Structure formats: structure tokens, C-alpha cells
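Novice: Under the UniProt record's numbering, the first residue of the sequence shown is numbered 1, with each subsequent residue one higher.
Glycine included, C-beta positions come from ideal geometry on N, C-alpha and C.
Since the structure is predicted, the reported quantities are computational estimates derived from the model, not experimental observations.
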Amino acid sequence: MSVLTDQDKRIKIAEKESFPVTGMSCAGCASSVESILKKLPGVNDVSVNFANTTALVDFDHDKLTANELRNALQAVGYDLIVDVDDPTAVQEELKEKEYAMIKQRTIWSAILTLPVFLIGMFFMEWPVGRWISLGLASVVLFWFGRHFYVNAWKQARYGKANMDTLVALSTGIAFLFSLFNTLNPKFWLDQGLEPHVYYEAATVIITFISLGKLLEERAKSNTSSAIKKLIGLQPKTVKAIVNGEEVEMAIADVTTGQLLLVRPGEKIPVDGQVQDGNSFVDESMITGEPVSVRKAEGEAVLAGTVNQKGSFRFVAEKVGGATLLAQIIKMVQQAQGSKAPVQKLVDKIAGIFVPIVMVIAVVTFISWMVLGGEDTFTHALLTSVAVLVIACPCALGLATPTAIMVGIGKGAENNILIKDAESLELGYKVDAIVLDKTGTITEGSPNVMEAYWEEGAAAGAVEGWKSIVLAAEAKSEHPLAEAVTSWLKDAGVKPVSLDDFTSITGRGISAQFEGATYYVGNERLMNEHGLTTPPGTRDRAQKLREAANTVVYVADERNVLGIIAIADRIKESSRSAIATLQERGIDVYMLTGDNEQTAAAVAKEVGLKDFRAEVLPADKAAFVEQLQAEGRVVAMVGDGINDSHALAQADVSIAMGKGSDIAMDVAKMTLITSDLSVIPKALRLSKLTVRGIRQNLFWAFIYNLIGIPIAAGLLYPINGFLLDPMIAGGAMALSSVSVVANSLRLKSAKLL
């Protein structure tokens with residue numbers, strides 16, 4: 001049976017809209033976009049992620065439209081992608097164009113900067129060289145680097161500043177000073193000073209920052225590879241049956257109720273139900289289950305899964321954004337756009353970072369003019385330019401979201417759907433895990449574990465009894481009856497035709513066959529009819545009950561003929577997963593509504609000492625609250641409606657993929673697999689992601705804390721060292737790249 005076969009069972013997603021944003025160049029831009037949107041009437045909350053250039057907006061559709069959001073941003077130089085069928089595809093296309101444009105600008109800037117650099121470094125006394133440098137620098141700054149100035153002006157008009165402001169100020173000041181010295185060198189010569197020019201500094205800064213942006217964009221594109229893989233599971237076209245003929249059409253044109261054809265090796269385009277034909281389908285990319293699942297008439301199929309051998313036709317039931325795959329993609333996108341709590345502090349810092357740096361640059365200039373010695377003005381100018389260039393809000397802005405994006409993407413590849421960044425950040429702190437039993441530790445469905453028949457009974461007699469049991473249980477409405485009938489049918493047993501059938505509430509059933517009466521039910525039914533249970537059968541029944549089995553008795557008019565043991569089978573991964581958690585110092589508890597005997601047997605089987613039996617839904621939540629009162633960070637894992645209260649109470653809530661809608665709606669993480677070993681992976685992923693965030697923030701802060709004072713000339717009184725603005729530009733560019741590269745290391749990390 002396939003996972004998530006009920007097509008009405010869907011992973012819930014937050015009722016917020018995610019819009020791709022264009023025009024952002026740094027973390028300061030993300031803060032600007034966020035503040036602009038938050039000021040609009042009707043907007044409840046906004047979360048802008050610079051790393052994946054999206055805005056997650058919670059707004060009142062009755063008061064505000066997406067186009068009004070877009071208009072507000074366009075006035076400041078940004079844009080939103082709205083009213084398109086596939087905004088992600090449009091965003092990817094724009095990113096590719098932007099990347100190509102940045103690449104072209106970088107190459108041409110480097111080509112034109114090289115001669116300016118050589119002249120400035122080795123031929124600074126050559127009079128003609130200044131004019132050549134002026135011409136080349138003008139092209140580099142005001143053509144290939146014009147976007148820095150355009151964006152800075154747009155920001156300034158609304159009283160805002162970002163990374164473009166710093167670049168425009170630093171390079172603009174260096175260029176204007178050099179231009180003045182080129183056109184009027186006599187002004188400085190009359191004062192006995194050399195009229196230096198710094199065209200090479202301005203052009204190298206533009207080139208280095210463009211190169212850094214190119215490398216950053218390339219690295220950032222790798223952080224969203226998980227989303228690209230998920231989107232890649234969706235075929236672009238489908239084969240539909242229209243008026244009895246096969247027609248190829250775009251997937252966007254498929255409607256509910258349409259008949260579609262899938263051949264061997266093809267991806268299933270939408271969610272639906274098989275109408276005719278049969279095959280085996282690889283659902284591992286959705287469910288994580290490695291074994292292909294047989295599909296026949298009436299079976300559900302999921303978009304993105306791959307047909308193996310046979311062909312079949314199926315009716316489309318969920319199309320477009322309603323398919324399970326589409327909802328998974330949307331969930332991952334929204335999760336990658338969400339912010340970890342630590343990011344809120346970083347955003348505040350990034351929002352005021354640029355103005356603070358501008359103030360530091362002014363203070364640096366004034367300090368040098370007042371305290372400087374020889375070449376005061378030159379030193380004041382170069383140090384203030386270096387301060388403007390080396391300061392990097394981008395590294396701060398990228399530190400958290402890139403790690404979160406990679407972490408959530410890594411989770412999606414390992415069947416862990418994470419709804420928000422907060423749960424990913426908190427998961428590594430978990431020191432107590434509460435597990436529901438049914439459907440979490442166990443498979444959640446009853447199965448026949450064993451059958452024990454009267455000693456010495458002939459094989460033919462046993463087969464006859466099985467046929468009678470099958471006929472009787474097939475008429476029963478008891479939940480355990482289905483397990484018995486499935487077991488007998490799989491064994492090739494054929495039912496007999498009963499003469500009569502009676503359901504006995506709370507006890508079992510009786511059936512008439514060829515003039516004899518047979519009973520199938522519990523021990524109470526046997527006792528009420530005074531039926532004799534052989535000693536061997538009685539002993540075996542007791543042992544089976546002690547092992548958490550439900551015992552069904554089969555009897556004729558005088559004696560018990562045999563027993564059938566039914567149990568909710570424990571998942572193969574449960575014991576090893578629980579052992580792994582315990583080895584990591586995490587206390588694991590099991591809560592169940594089952595009786596004490598069954599709970600004890602299951603707990604013993606999986607290696608658990610702490611369990612609670614016969615608990616109500618409210619009791620589960622109260623137990624979680626009790627652990628929290630003791631200072632524990634609690635994760636709750638469940639799958640049913642009765643777990644939803646406890647899931648909502650827990651610090652980290654995890655729902656099993658087969659679970660109820662309400663459980664998956666409440667939970668912050670959903671496992672699209674029945675394998676419990678994914679839970680240790682999820683907690684390990686949290687630890688690795690938080691480690692990456694801390695490393696990124698450390699280096700981003702340290703970089704700026706060390707770099708800005710050095711650029712201001714802190715070392716000059718000690719050893720005469722002044723940081724060249726060109727070197728400052730290169731260092732700034734590399735800081736962002738290093739943060740993204742550090743985040744990308746998580747992609748190759750092992751989760752177990």
C-alpha cells in the first residue's frame with residue numbers, strides 16, 4: 001500500500017503569499033522592502049529573505065491587492081513578480097538574465113580596469129596616462145557600474161540607504177577627486193602638494209564588487225537546489241485521452257476529471273486514480289519508501305512519481321497547485337522564506353548598518369583632517385573611501401537565510417518537510433521526545449501475527465476452518481475482521497457459502513455451515529457458550545496477549561479449534577531510531593490510549609522504560625506541559641487527531657506523513673515517510689544548521705569589527721599601514737562569498 005493514498009489528505013500550508021522580489025542587492029535592500037511593505041494599510045506581517053529574494057506577505061486581500069504591493073516597491077526601485085502562472089519560473093528566468101548581465105559587466109569592467117590599474121601603479125607620473133584613465137574609468141563607473149548610482153539615487157529619494165549607497169559614495173568621491181586633480185592640478189601644486197588621482201581605486205572597487213556579486217549569485221543559486229529538484233519532478237507536458245484519441249498538452253491545461261495516459265519510464269503529471277491498466281510506480285521521491293508500489297484500478301497515483309513497467313490510464317483528481325508535490329514545493333519555498341529568531345536581531349542591525357557606516361566614514365575623514373600629519377587630505381579621503389567600501393551588510397544579511405535555505409532543502413531531500421525556520425533552529429535543543437504509539441512506533445494498522453490450531457488437527461480440517469472463518473469475517477464490520485480476511489486471502493484461502501451469519505456485539509460472530517455452528521470472537525464469547533479450550537491453546541493465548549497481541553478464538557459447537565493473534569506491527573525502524581535518540585542523551589517517552597499490558601509489551605520491544613498507557617488526548621498535552629515545566633525542550637511526534645493538542649503544546653512538533661490533516665497542520669515538521677529513523681536526522685539537521693548560522697554570523701561580525709577600524713587607519717600610528725581602497729573592495733566581495741560557501745557545506749553533511 002502506498003503512503004498518502006487518500007487524495008483528500010493534504011499537507012496544510014500557511015495562508016500567506018510568497019512573492020519573488022527583484023532589484024535587491026544587499027541585506028539593507030531586504031530591510032527596505034520589508035519596511036515599505038509593512039507600512040501599507042492591510043499588511044499584517046512581512047518577511048523578506050535576501051538569500052532567496054522572496055517576500056512572504058500576510059495581507060488582507062479585501063483591503064489590498066498584489067499589484068498595490070508591487071506599485072509601492074516599484075517607486076523605490078524594487079519589483080514584485082505577481083499575476084503570473086508560474087512565478088518561480090519567471091524568477092528563475094530573471095535570475096538567469098541578471099546573472100548573464102552581471103557576468104558581462106564584470107568581464108568588461110575587468111578588461112577596462114586592467115590598463116587603469118597598470119597606469120595608476122606603474123606609470124603614475126605619465127601625464128597622458130591620467131587622461132586615458134579618466135576615459136576608461138568613466139566607462140567603468142557610469143556605464144558598467146551605473147546601476148550602483150541609479151539604485152543609490154532611488155534609495156536617497158526616500159531617505160534610505162543600502163550597499164549601493166556605499167559603493168556609489170566611495171567610488172564617486174574617489175572619481176570626483178581624481179577628476180578635479182586631472183582638470184586642475186595647479187590647485188594642489190600651488191600649495192606644494194602632489195595632485196594624486198585614484199581612478200584605479202574606483203575602477204577596481206567596481207570590478208571587485210561586481211565579481212563578488214557574480215560569485216555570490218552563483219553560490220546562492222546552489223542553496224535552492226532542493227527546490228529545483230522538486231520542481232524538476234513535474235513533467236512539462238502530458239498525454240491526454242480526448243474523444244478516444246491521444247493528445248499531448250501542456251500540464252497547465254490539464255483539468256480535473258481528465259483521462260491521462262502514462263507509459264513506462266514517464267513521470268506521473270498530476271494526482272489521480274487509476275482507471276485501467278496496472279504497473280509498478282517508484283514513489284521514493286515523495287514517500288521515501290524504496291520499494292516500487294503496485295498500481296491497479298482504483299489505486300491513487302501522485303504527481304512527480306515515476307511509472308516503471310506497465311502502462312495505465314488514470315483520471316486527474318488534483319491538478320496545478322492542489323497536487324501533493326505542488327504543496328510540498330510551496331511548503332519548502334515558504335519555509336525557506338521564513339526567518340529564524342536570531343535573524344530578527346540581524347535584520348535590525350542590517351537596517352541601520354549602512355547609515356552607521358556612513359557616519360563612521362565622515363568621522364574618519366574629520367579625524368584625519370584634524371589629527372593627520374603629512375598628506376592629511378589624501379589620507380582622510382582614502383581612509384573614508386576604504387571604510388565605505390569594506391563595510392559589508394551583505395555578509396550579515398546572508399549569514400542566517402543561506403544556512404536556513406540549505407538546511408530546509410537538505411531536509412526536503414531526506415523526507416523532512418520543515419514549515420518554518422524557528423523549528424529548525426530549536427530542534428537541536430530537544431532533550432525529551434514524546435512518541436505516540438499507534439501509527440508512530442507501530443504501523444497503525446492491525447495485522448495477523450500468528451495462528452495456532454488444535455494439536456493433532458488434520459491439514460484438511462484446518463483448511464476447512466480457515467474457509468469458514470474467511471466467509472464469516474468477510475461479513476463482519478469489526479476493524480480486526482479486515483486484518484483476518486486480508487491474511488486468509490493472501491494465503492489463497494477460498495470462502496465457503498454460509499447458511500447463516502450472526503454478529504454478536506462486543507464478542508464476535510457466529511455462523512452456520514452444513515448444519516454446524518461455528519464461533520469467531522473473543523474469550524468472553526467462548527466462555528458464554530461453555531466451549532472447552534485445550535490447555536496448549538490456553539497457554540499459547542496467554543503468551544500472545546503478554547506480547548501485546550489481540551487473540552481471536554475460532555470454535556465449533558463444543559471446542560476451541562484454534563486462535564489467531566492480531567497486532568499492530570512495530571515498525572522495523574522504531575527500535576533503532578529510539579536507541580539512536582537515547583544514545584544522544586535524549587529521553588524518549590511513549591504515550592498511548594491502549595491498555596497497560598499492550599503498552600508495556602510494545603515499550604519492552606522497542607527498548608523504552610518510560611511510557612504512559614490509557615491516556616486521553618488532554619493527558620498527552622498535560623504530560624508535554626509537565627516536561628516543559630521541568631525545563632525540558634520537548635518534541636512531540638504523532639499522527640492522529642488525538643495527538644494534535646500535544647503537538648500544539650510541544651516546543652518542536654513532528655507529524656508522520658500518513659497522519660491526519662489536523663496533525664500535519666499543527667506540526668512544524670512533517671515526515672513524508674513511515675521511517676522513525678528520520679527523527680534523529682531531523683534533530684541532527686537542526687544542529688548542523690544552527691552551527692552554520694553561528695559560524696556565518698561570527699565571521700560576518702568579526703569581519704566588520706576588524707575590517708572597518710583597519711580601513712579607518714587604526715594601524716597607521718602603530719606601523720604606518722593604510723588599507724588601500726582596492727584591497728578593501730576585494731575583501732568586501734569575498735566576505736559575502738565566504739558566508740554562502742560555508743552554508744553550502746551543509747549540503748554534503750551526513751545526518752546520521
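Exposed or buried, what is Ile418 when buried is set at 16 or more other beta-carbons lying within 10 Å of its beta-carbon?
Specialist: The residue labelled residue 418 in the question sits at position 418 within the sequence shown. Answer is buried; the Cβ neighbour count reaches 16.
Novice: Does Gly521 come out as helix, strand or coil in the three-state DSSP assignment?
Specialist: Position 521 of the sequence shown, counted from the start, is the residue given in the question as residue 521. Three-state DSSP puts Gly521 in a strand.
Novice: Here's the rule I'm using: 16 or more other beta-carbon atoms within 10 Å means buried, otherwise exposed. How should Pro290 be labelled?
Specialist: Here residue 290 refers to the residue found at position 290 when the sequence shown is read from its first residue. With a pLDDT of only 49 at Pro290, under 50, the local geometry of the prediction cannot be trusted, and no value is derived from it.
Novice: Looking at C-alpha atoms only, which residue of Asp675, Val448, Arg584 and Tyr158 is the closest neighbour of Val76?
Specialist: Position 76 of the sequence shown, counted from the start, is the residue given in the question as residue 76. If we check each option's Cα against that of Val76, Tyr158 comes out closest.
Novice: If we count the other Cβ atoms within 10 Å of its Cβ and call it buried at 16 or more, is Gln649 buried or exposed?
Specialist: Counted from its first residue, the sequence shown places residue 649 at position 649. Buried, by the Cβ-count rule.
Novice: Under 7 Å Cβ to Cβ from Asn742, same chain only, skipping five residues before and after it: list those, please.
Specialist: Residue 742 sits at position 742 when you count from the first residue of the sequence shown. Hits under 7 Å: Gly692, Gln695 and Asn696.
Novice: Closer than 8 Å is the cut-off here; do at least three beta carbon pairs connect the segment 312 to 323 with the segment 252 to 271?
Specialist: Segments in contact, yes.
Novice: Taking the alpha carbon of Arg558 as the reference point, which residue from Ile102, Glu528, Thr550 and Arg575 has its own alpha carbon closest?
Specialist: On the sequence shown, position 558 is the one that residue 558 refers to. Looking at the Cα atoms, Glu528 is the closest of the given residues.
Novice: Roughly how many angstroms lie between the CA atoms of Val238 and Ala296, to the nearest whole one?
Specialist: As a first step, residue 238 is located in the sequence shown; it is residue number 238 there, counting from the start. As a first step, residue 296 is located in the sequence shown; it is residue number 296 there, counting from the start. Computed Cα separation, rounded: 20 Å.
Novice: For Leu424, report the span of its alpha helix (DSSP H) as first-last.
Specialist: Translated into positions along the sequence shown, residue 424 becomes position 424. It spans Ala421 to Leu426 - the alpha helix (DSSP H) in which Leu424 sits, taken as one unbroken run.
Novice: Let me check understanding here. Comparing Cα to Cα, which of Ser653, Pro115, Lys38 and Asp643 lies closest to Leu64?
Specialist: Against the sequence shown, residue 64 aligns to sequence position 64. When each option's Cα is compared against that of Leu64, the closest is Lys38.
Novice: Return yes when the C-beta of Ala618 is under 7 Å from any heavy atom of the ligand ZN, and no when it is not.
Specialist: This structure lacks the ligand ZN, and indeed carries no ligand of any kind.
Novice: For Asn527, which three-state DSSP category applies?
Specialist: Within the sequence shown, the letter at position 527 stands for residue 527. Three-state DSSP puts Asn527 in a helix.
Novice: Starting from the C-beta of Leu388, find all residues in its chain whose C-beta is less than 7 Å away, skip the five residues before and the five after it, and write them out in chain order.
Specialist: On the sequence shown, residue 388 is found 388 positions in, with the first residue counted as 1. The answer, listed in chain order, is Leu166, Leu169, Ser170, Val357 and Ala361.
Novice: Taking the beta carbon of Thr580 as the centre, do at least 16 other beta carbons fall within 10 Å, making it buried, or is it exposed?
Specialist: For the purposes of this step, residue 580 is taken as residue 580 along the sequence shown, with counting starting at 1. Buried: at least 16 other Cβ atoms inside 10 Å.
Novice: If the criterion is Cβ atoms closer than 8 Å, does the pair Phe19 and Ala72 meet it?
Specialist: Position 19 of the sequence shown, counted from the start, is the residue given in the question as residue 19. Position 72 of the sequence shown, counted from the start, is the residue given in the question as residue 72. Cβ distance not < 8 Å, so Phe19 and Ala72 don't count as in contact.
Novice: DSSP on Trp453, reduced to helix/strand/coil?
Specialist: Your numbering for residue 453 matches position 453 in the sequence shown. Looking at Trp453 - three-state DSSP - the assignment turns out to be strand.
Novice: When you compare the CB positions of Lys437 and Val602, do they come within less than 8 Å of one another, or not?
Specialist: Here the question's residue 437 lines up with position 437 in the sequence shown. Here the question's residue 602 lines up with position 602 in the sequence shown. Contact: yes.
Novice: Ordered along the chain, which non-local residues of its own chain (more than five positions away) have a Cβ less than 6 Å from that of Trp453?
Specialist: On the sequence shown, position 453 is the one that residue 453 refers to. Closer than 6 Å at the Cβ level, and outside the excluded window around Trp453, lie Val462 and Gly562.
Novice: Here's the rule I'm using: 16 or more other beta-carbon atoms within 10 Å means buried, otherwise exposed. How should Asp83 be labelled?
Specialist: Translated into the one-based positions of the sequence shown, residue 83 becomes position 83. Exposed: under 16 other Cβ atoms inside 10 Å.
Novice: Checking the sheet assignment: what are the DSSP bridge partners for Val242?
Specialist: The sequence position of residue 242 within the sequence shown is 242, counting from 1. BP columns for Val242 point to Glu245.
Novice: Report the rounded CA-to-CA distance for Ser178 versus Ile111, giving the unit in angstroms.
Specialist: If you number the sequence shown from 1, residue 178 lands on position 178. If you number the sequence shown from 1, residue 111 lands on position 111. Cα to Cα, Ser178 sits roughly 21 Å from Ile111.
Novice: I'd like the span of the alpha helix (DSSP H) that includes Arg745, first residue to last.
Specialist: Taking the sequence shown and counting its residues from 1, one reaches residue 745 at position 745. Per DSSP, Arg745 belongs to no alpha helix (DSSP H) and is neither H nor E.
Novice: Sorted by chain position, which residues of the same chain lie with C-beta nearer than 7 Å to Ile468's C-beta, five sequence neighbours on each side aside?
Specialist: Stepping through the sequence shown from its first residue, residue 468 is reached at position 468. Excluding residues within five positions, the ones whose Cβ falls inside 7 Å are Val496, Ala511, Phe513 and Tyr518.
Novice: I think Val247 touches Phe314, with their Cβ atoms under 8 Å apart; what is that distance to the nearest whole Å?
Specialist: Working through the sequence shown from its first residue, we reach residue 247 at position 247. Working through the sequence shown from its first residue, we reach residue 314 at position 314. That pair is no contact at about 16 Å.
Novice: Can you tell me whether DSSP reads Pro269 as helix, strand or coil?
Specialist: By one-based count along the sequence shown, residue 269 stands at place 269. Looking at Pro269 - three-state DSSP - the assignment turns out to be coil, as it is neither helix nor strand.
Novice: Identify, in the order they occur along the chain, each residue of the same chain with its Cβ nearer than 7 Å to the Cβ of Ser748, setting aside the five sequence neighbours on each side.
Specialist: Along the sequence shown, one-based indexing puts residue 748 at 748. If we look at Ser748 and ignore the five residues flanking it on each side, it has no Cβ neighbours.
Novice: Quick check on the burial criterion: 16 or more other C-beta atoms within 10 angstroms. Buried or exposed for Arg146?
Specialist: As a first step, residue 146 is located in the sequence shown; it is residue number 146 there, counting from the start. Exposed: under 16 other Cβ atoms inside 10 Å.
Novice: Glu614: which of Lys410, Ile366 and Met590 sits nearest, CA to CA?
Specialist: Residue 614 sits at position 614 when you count from the first residue of the sequence shown. Among Lys410, Ile366 and Met590, the Cα nearest to that of Glu614 belongs to Met590.
Novice: So Ser674 and Ser576 are in contact, right, with Cβ under 8 Å, and what is the actual spacing, rounded?
Specialist: By one-based count along the sequence shown, residue 674 stands at place 674. By one-based count along the sequence shown, residue 576 stands at place 576. Incorrect: roughly 14 Å between the Cβ atoms, too far for contact.
Novice: With a CB to CB cut of under 6 Å and the five nearest residues on each side skipped, what residues in its chain are close to Glu17?
Specialist: Here residue 17 is taken as the residue at index 17 of the sequence shown, counted from 1. So the qualifying residues of the chain are Val57.
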